[in-house]
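First up is the structure itself, then whatever we jot down about it.
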Amino acid sequence: MRVLSSELFEVRGPLDIVALRLAVRKRAISLGFGLVDQTKIVTASSELARNTLDYGGGGTVDMEVIEHERKCGLRLIFLDQGSGIPDIKLALTDGYSSREGLGLGLGGARRLSHEFEISSKLGEGTRVSILRWK
Amino acid sequence: MDRIPILKMGAYLLVTIQVDMHDRLALTLQDDLTMQIVKHRTRGVLIDISGLEMVDSFIGRMLGTIASMARLLDAETMVVGMQPAVAITLVELGLSLNGVRTALDVDKGMRALQAAVSEAGQDSNESFEL
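Residue numbers (my numbering), protein chains in the order written: chain A, 5 to 138; chain B, 284 to 413.
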């Protein structure tokens with residue numbers, strides 16, 4: 005797997021979520037993603053960026069263009085230094101939310117992506133990575 | 284942009300969302316709309332989301348909350364114009380917007396809204412007679 009390009013975004017407020025959605029949409033279009041694929045990766049990014057902001061206290065997103073065996077994909081890595089997720093399995097359950105949300109963010113983002121990785125350490129933060137192939 | 288405009292069209296309120304909403308803008312719309320329903324004694328609200336290229340769980344929840352609040356205030360809500368890619372994504376996300384009435388476009392939505400409002404009117408008359 006080869007990283008062709010990488011762009012870093014800050015997520016510090018609600019407007020940053022909108023800016024990220026726009027950037028992901030633009031990149032997906034430039035890579036030739038179809039409309040449904042664009043919408044899926046943009047929506048997944050929006051969910052995860054909100055988690056970064058609301059639960060991680062803000063963080064960064066690394067947007068990477070990936071090439072693997074002549075396939076091209078878009079990968080987004082969400083990183084925060086928040087309190088971490090005590091029970092990842094529970095956090096991935098639909099309808100579970102530790103706050104007032106709908107509890108669809110993590111599970112939904114996983115369904116909208118081809119590859120999904122999550123790791124979290126209590127007191128240190130959370131890293132979520134999603135990838136969608138063209 | 285600080286607010287999504289709410290237009291009064293006869294007995295109904297019309298909201299056309301044409302910008303990618305940040306979370307606070309969505310919450311402001313929710314509050315504004317609730318106030319306007321009471322102020323104008325509106326029986327029906329039409330929300331046109333054909334300009335929205337993405338609906339995530341936050342915006343989806345806002346649409347559901349607006350419909351619930353409107354119902355408590357004796358008004359029907361109709362969400363119209365959802366793009367097919369948005370519908371596909373919403374279902375995969377796990378959000379089916381139960382309880383939110385939808386129509387394909389403003390025309391169909393307005394007709395359905397009028398029907399729903401007159402039906403609701405009859406229902407409340409019936410229960411009043413009981």
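In this text, a Cβ means the ideal position worked out from N, Cα and C, and glycines have one as well.
For threonine 47 of chain A, the secondary structure class from DSSP, reduced to helix, strand or coil, is helix. For methionine 67 of chain A, the beta-bridge partners assigned by DSSP are A:Glu11, A:Leu80.
The Cβ atoms of valine 298 of chain B and leucine 310 of chain B do not sit closer than 8 angstroms to each other. Aspartate 303 of chain B: not part of any alpha helix (DSSP H); DSSP gives it neither H nor E. Close to valine 369 of chain B, with beta-carbon spacing below 8 angstroms, are these residues of chain A in chain order: Thr43. Within the stretch 287-317 of chain B, Asp303, His305, Asp306, Arg307 place their CB atoms closer than 7 angstroms to a CB of chain A, listed in sequence order. The DSSP-derived three-state label of phenylalanine 120 of chain A is strand. According to DSSP, isoleucine 134 of chain A shares a beta bridge with A:Leu80, A:Phe120.
Excluding the 5 residues flanking it on each side, arginine 286 of chain B has same chain C-beta neighbours closer than 8 angstroms at Leu308, Thr311, Leu312, Asp315, in chain order.
A residue is called buried once 16 or more other Cβ atoms fall within 10 Å of its Cβ, and arginine 394 of chain B, having fewer, is exposed. Per DSSP, reduced to three states, the secondary structure at methionine 365 of chain B is coil, with no helix or strand assignment.
Counting only unbroken stretches of 4 or more residues, the alpha helix (DSSP H) elements lying wholly within the stretch 328-363 of chain B are 340-355, in sequence order. A distance below 8 angstroms separates the beta carbons of arginine 136 of chain A and leucine 78 of chain A.
Annotation: alanine 294 of chain B is outside any beta strand (DSSP E) and is labelled neither H nor E by DSSP. Nearest in C-alpha terms to leucine 380 of chain B, of all of B:Pro367, B:Ser340, B:Val400, B:Glu402, is B:Ser340. With 16 or more other Cβ atoms from the protein chains shown falling within 10 Å of its own Cβ, aspartate 41 of chain A counts as buried.
Note on serine 49 of chain A: 16 or more other CB atoms within 10 angstroms of its CB, so buried under the neighbour-count rule. Its chain contains Gly63, Thr64, Arg131 as the residues whose beta carbon lies nearer than 6 angstroms to that of leucine 83 of chain A, once the 5 sequence neighbours on both sides are disregarded; these appear in chain order. Leucine 335 of chain B has a beta carbon lying at 8 angstroms or more from every beta carbon in chain A. Among the CB atoms of chain B, none fall inside 8 angstroms of the CB of proline 90 of chain A. Between the alpha carbons of glutamate 119 of chain A and leucine 80 of chain A lies a distance of about 10 angstroms.
Contact with chain B is absent for glutamate 119 of chain A, since none of that chain's Cβ atoms lies less than 8 angstroms from the residue's Cβ.
Here the C-alpha atom of valine 362 of chain B lies approximately 40 angstroms from the C-alpha atom of glutamate 71 of chain A. With its beta carbon less than 8 angstroms from one in chain B, glutamate 51 of chain A belongs to the interface. The three-state secondary structure of threonine 97 of chain A, taken from DSSP, is coil. By a beta-carbon distance limit of 8 angstroms, glycine 343 of chain B contacts leucine 378 of chain B. Their separation comes to about 4 angstroms.
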